[in-house]
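Participant:
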């Protein structure tokens, strides 16, 4: 519940939970100097009586950049997992060394706050591999705590205050709970209308946007204040924080007629108070048809289609990036005659060579494939011109049970064999795994043709996710990370021979990858320190900078 | 009749879930609690109602403190043993809805309670996955399970799969506990409801779940 009144406010509940997580993290880091990050994760347990408790978990990591998933160690020995991470299930028993717990009530506020981010496992209670990360707390350089928002909306229909009024009709504990009404965009004033239409008419042009922002600035309108802060990065931390506060306060209203189709937790605003990136979902065919009439789609630079109910429309002229695309989605792009300046496309199912050639995709330089079987994408006529290919294996599930299965490196190595020969020198192929919530995470291996091999562990890799996380967190009152760019891959931590011995996780490359590299003559035998000092082979791979521990 | 429970896609918007499940070709849908209400929702075909289902909310209360049933659903779960209704619901006046066989922590969650229910001739919805939990917990004898299989007042059969420890609603496999008996019940005309989670199953796998019963449907 909001502290301010009796109306339920989703944003306020989330902010409260993160505020407490941050305070817990400060205490934990103070008592545990060897641990450097905490991941706040959630999981939802359904029962057939529709009890749908959401459980908050915290997992501690010895490195600044955590990895995923955490796999519990022995419950009984209290020393955590073998890789140095630990949670309340497997970590130390002493209160000061045990990772903290969440604070929201599992059967009420936590359900409201986090359901939209909980994957549909159908039962994730107490199973770490079924948890979905929400935020990362890192030990800050100044002794403080840096918070990063990494949640991914997987059920957009729950990202609304209305969720609270649809629960059981009588509130919790017999106390009726009312949802705070969602804000809407006021009709355009007479002077604003033509200026906004100019924005829509030239979505790639900053000029009309600046004119409208100036118009608002002259009238001390907060849309103008945000707009002035949204072309590039503001100069100071305070200004960036102010920008993000404004987006959090008004973002839902700024979505205007797009509000039914866009989860506000996924939305980013840029180049004025206009939505630039978002997860798009249509809840019915009728809604999808209605959406095609909304001119505001022109504002968007990047969209991710939430599911298979998807289509392009003629208003989406400014799209530079689109992900989550099915074959029929691509077909709708051709059918509507749209020619957006796309440079990045993410496919979730194969399209035919003919369909790809028919679509206006000649400028695409970055291709993302979310799949279980990459060979079905091999015939696409695009690899020779790509700069970057990312293959993300969807989390494998057992056909018989539908439940998540252990990950394997073998498919990833097959992807290198498939695609590297098709790519030009300087281009790169990355292989990783998508979490059940669709986030790109885990161990990521990148091979650059004629370049090098890089293996990394990272939580979230997309620039969008990082920027979104930063803006959302800042809007919720959290301090911004010291480093703006959190997303670039970091080399693996390498325990040097003279270094003290913190519990550095065993982060060497897998035996499968090592065999794969050695088979191709890309790796020389290890030296005395256990590190690769050089590597050459068919693709001229170089290991020394990667600091891979084999 | 062969039913799919709305809880196969629990958590999804009600109308979306109903449409996706109906497209798989069941004879009807069992309306269960736990889906996001869709304004104006109208089921696409024949239905049975279960426990705290409500068109306008995720769920509603089922048992009053005095043991009275507050809903008009075809079948319900008995109360938790910690609820005040647990000691009273069998004693209230008036007809009882169909009561589901449960697992420990609930009334009708042990073999002894099932024996009592059968002695009273209560109408039962037999959830074979719950009975598997009872067996694994050591609270159900093979004799009681055998008696239950021949019980004359079985009004529904619910099927899903679990590991014997938690009611996980996993998709069915050929060796799922109670599946063969459930198919016999379907052939005999008892409504059978599949309650497995379909969220992470592809279209083919979902169809395969239904196909397990193809030869048993009239």
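Protein chains in written order, with the working numbering: chain P, 1 to 550; chain Z, 1 to 218.
All C-beta atoms in this analysis are idealised placements derived from N, C-alpha and C, irrespective of residue type, glycine included.
What do you reckon, are the CB atoms on residue 190 (chain Z) and residue 157 (chain Z) nearer than 8 Å?
Facilitator: A contact, by the Cβ cut-off of 8 Å.
Participant: Leaving out the 5 sequence neighbours to the left and right, which residues in its chain are closer than 7 Å to residue 86 (chain Z) when beta-carbon positions are compared?
Facilitator: Closer than 7 Å at the Cβ level, and outside the excluded window around residue 86 (chain Z), lie 79, 80 and 107.
Participant: Could you tell me if residue 77 (chain P) is buried or exposed, where buried requires 16 or more neighbouring beta carbons within 10 angstroms of its beta carbon?
Facilitator: Exposed.
Participant: Just mark residue 293 (chain P) as buried or exposed, buried being the case when its beta carbon has 16 or more other beta carbons within 10 Å.
Facilitator: Label assigned to residue 293 (chain P): exposed.
Participant: Would residue 52 (chain Z) and residue 59 (chain Z) be called neighbours here (beta carbons separated by less than 8 Å)?
Facilitator: Yes, the pair counts as a contact, with Cβ atoms nearer than the cut-off.
Participant: Quick check on residue 565 (chain P): does DSSP put it in helix, strand or coil?
Facilitator: In the structure displayed, chain P extends from 1 to 550; residue 565 (chain P) sits before or after that span and is not available.
Participant: Spatial neighbours of residue 38 (chain P) within its chain, please: CB distance less than 6 Å, with the 5 preceding and 5 following residues excluded, ordered by chain position.
Facilitator: Closer than 6 Å at the Cβ level, and outside the excluded window around residue 38 (chain P), lie 25, 58, 60 and 137.
Participant: Should residue 82 (chain P) go down as buried or exposed, given a rule of 16 or more other Cβ atoms within 10 Å for buried?
Facilitator: So residue 82 (chain P) ends up on the exposed side.
Participant: What does residue 166 (chain P) reach in chain Z if we use C-beta pairs closer than 7 Å?
Facilitator: Those are 36, 37, 57 and 58, listed as they occur along chain Z.
Participant: Have a look at the DSSP bridge pairing and note the partners of residue 48 (chain Z).
Facilitator: Paired residue(s): Z:30.
Participant: Counting only the same chain and skipping the five closest in sequence on each side, list residues whose C-beta sits under 7 Å from that of residue 122 (chain Z).
Facilitator: 96, 99 and 153.
Participant: Going by DSSP in three states, residue 70 (chain Z) sits in which element: helix, strand or coil?
Facilitator: Coil at residue 70 (chain Z), not helix or strand.
Participant: DSSP three-state label for residue 382 (chain P), please.
Facilitator: Coil.
Participant: Closest by CA to residue 72 (chain P), which one among P:163, P:131 and P:263?
Facilitator: That would be P:131, whose Cα lies nearest to the Cα of residue 72 (chain P).
Participant: Which full runs of the beta strand (DSSP E) of 3+ residues lie inside the region 315 to 358 of chain P, going along the chain?
Facilitator: Complete beta strand (DSSP E) runs here, min 3: 321 to 325 and 344 to 347.
Participant: Does residue 46 (chain P) get closer than 8 Å to chain Z when you measure Cβ to Cβ?
Facilitator: Output row for residue 46 (chain P): interface = yes.
Participant: If I measure Cβ to Cβ from residue 378 (chain P) and keep anything under 7 Å in the same chain, skipping five residues before and after, which residues do I get?
Facilitator: So the qualifying residues of the chain are 418.
Participant: Let me make sure I understand the geometry here. Which of P:288, P:290 and P:298 has the alpha-carbon closest to that of residue 277 (chain P)?
Facilitator: Comparing Cα-Cα distances from residue 277 (chain P) to each of P:288, P:290 and P:298, the minimum goes to P:298.
Participant: Between P:236, P:194 and P:106, which has its C-alpha nearest residue 582 (chain P)'s C-alpha?
Facilitator: No answer is possible for residue 582 (chain P): the residues shown for chain P start at 1 and end at 550.
Participant: For residue 625 (chain P), which of helix, strand or coil comes out of DSSP?
Facilitator: With chain P represented from 1 up to 550, any question about residue 625 (chain P) goes unanswered, as that position is not in the structure.
Participant: On a Cα-Cα basis, can you pick out the residue from Z:147, Z:129 and Z:193 that is closest to residue 119 (chain Z)?
Facilitator: Among Z:147, Z:129 and Z:193, the Cα nearest to that of residue 119 (chain Z) is on Z:147.
Participant: Put residue 418 (chain P) into one of helix, strand or coil per three-state DSSP.
Facilitator: Helix, per DSSP.
Participant: Determine, for residue 200 (chain Z), whether the minimum Cβ-Cβ distance to residues of chain P falls below 8 Å.
Facilitator: Closer than 8 Å to some Cβ of chain P, the Cβ of residue 200 (chain Z) qualifies, so yes.
Participant: Determine the burial state of residue 22 (chain P): buried for a count of at least 16 other Cβ atoms within 10 Å of its Cβ, exposed for fewer.
Facilitator: Per the 10 Å Cβ criterion, buried.
Participant: Between the C-alpha atoms of residue 223 (chain Z) and residue 5 (chain Z), what's the straight-line distance to the nearest angstrom?
Facilitator: Absent from the structure is residue 223 (chain Z), since the part of chain Z shown begins at 1 and ends at 218.
Participant: Have a look at Z:70, Z:74 and Z:140 and flag the residue whose alpha-carbon is nearest the alpha-carbon of residue 103 (chain Z).
Facilitator: Nearest option by C-alpha distance: Z:140.
Participant: When the cut-off is 8 Å and only beta carbons count, does residue 373 (chain P) lie next to chain Z?
Facilitator: Chain Z contact via Cβ: absent.
Participant: If you draw a straight line from the alpha carbon of residue 11 (chain Z) to that of residue 199 (chain Z), how long is it in whole angstroms?
Facilitator: Straight-line Cα distance between these residues: approximately 10 Å.
Participant: Comparing the C-beta of residue 158 (chain P) with each C-beta of chain Z, is any distance below 8 Å?
Facilitator: Taking Cβ atoms only, chain Z reaches closer than 8 Å to residue 158 (chain P), which makes this a yes.
Participant: Can you name, in chain order, every residue of its own chain whose Cβ lies under 7 Å from the Cβ of residue 260 (chain P), other than the five neighbours on each side?
Facilitator: Hits under 7 Å: 287.
Participant: Report the residue from P:7, P:140 and P:53 whose alpha carbon sits nearest the alpha carbon of residue 27 (chain P).
Facilitator: Taking only the C-alpha atoms, the option nearest residue 27 (chain P) is P:140.
Participant: In chain order, what residues of the same chain lie with their CB nearer than 7 Å to the CB of residue 293 (chain Z), ignoring the 5 residues before and after it?
Facilitator: In the structure displayed, chain Z extends from 1 to 218; residue 293 (chain Z) sits before or after that span and is not available.
Participant: Please go through the region 54 to 85 of chain P and give each complete beta strand (DSSP E) segment of 3 or more residues, from N-terminal end onward.
Facilitator: Correct list: 54 to 61.
Participant: Out of P:204, P:428, P:344 and P:36, which has the shortest C-alpha to C-alpha gap to residue 447 (chain P)?
Facilitator: Among P:204, P:428, P:344 and P:36, the Cα nearest to that of residue 447 (chain P) is on P:428.
Participant: Using 8 Å as the threshold, is the C-beta distance between residue 274 (chain P) and residue 309 (chain P) below it?
Facilitator: No; because the gap between Cβ atoms is not below 8 Å, this pair is not in contact.
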